[in-house]
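J.:
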């Protein structure tokens, strides 16, 4: 048997921003540091460019990045991406 996808749902960026009480545009920029392996992906519909979405694990990784961004000076943000791995 091949790879089994364990993702049963995803949450859009706007929904996650509301859930976490964060600004959607700021969260979009924070999420730029995430890869698919981190639980971030794009959902594309008919006539749409796509929307960023997160798995349950992706939301947890995003919470870690949020904490790092709020506690870390701008010059050290590249370290944030490395911490997810």
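Numbering (this note's numbering), first residue to last: 53 to 137.
The C-beta atom is built at its ideal place from N, Cα and C for all residues, glycine as well.
1) Hey, how far is the Cα of residue 58 from the Cα of residue 89?
2) Alpha carbon to alpha carbon, how far is residue 121 from residue 127? Give it in angstroms, no decimals.
3) Considering only C-alpha positions, which residue in the set 95, 85, 98, 100 is nearest to residue 117?
4) In three-state DSSP terms, what is residue 82?
5) Distance check for residue 102 and residue 95, CA to CA, integer angstroms please.
T.: Judging by the given coordinates:
1) The residue given as residue 58 occupies position 6 in the chain shown. The residue given as residue 89 occupies position 37 in the chain shown. The straight-line gap from Cα to Cα measures roughly 13 Å.
2) On the chain shown, position 75 is the one that residue 127 refers to. On the chain shown, position 69 is the one that residue 121 refers to. Below a pLDDT of 50, predicted positions are generally treated as unreliable, and residue 127, at 47, falls in that range; the measurement from the model is reported next regardless. Cα to Cα, residue 127 sits roughly 10 Å from residue 121.
3) Residue 117 sits at position 65 when you count from the first residue of the chain shown. Relative to residue 117, the option among 95, 85, 98, 100 whose CA is nearest is 85.
4) Taking the chain shown and counting its residues from 1, one reaches residue 82 at position 30. If DSSP states are grouped into helix, strand and coil, residue 82 belongs with the helices.
5) As a first step, residue 95 is located in the chain shown; it is residue number 43 there, counting from the start. As a first step, residue 102 is located in the chain shown; it is residue number 50 there, counting from the start. Taking the straight line from one Cα to the other gives about 5 Å.
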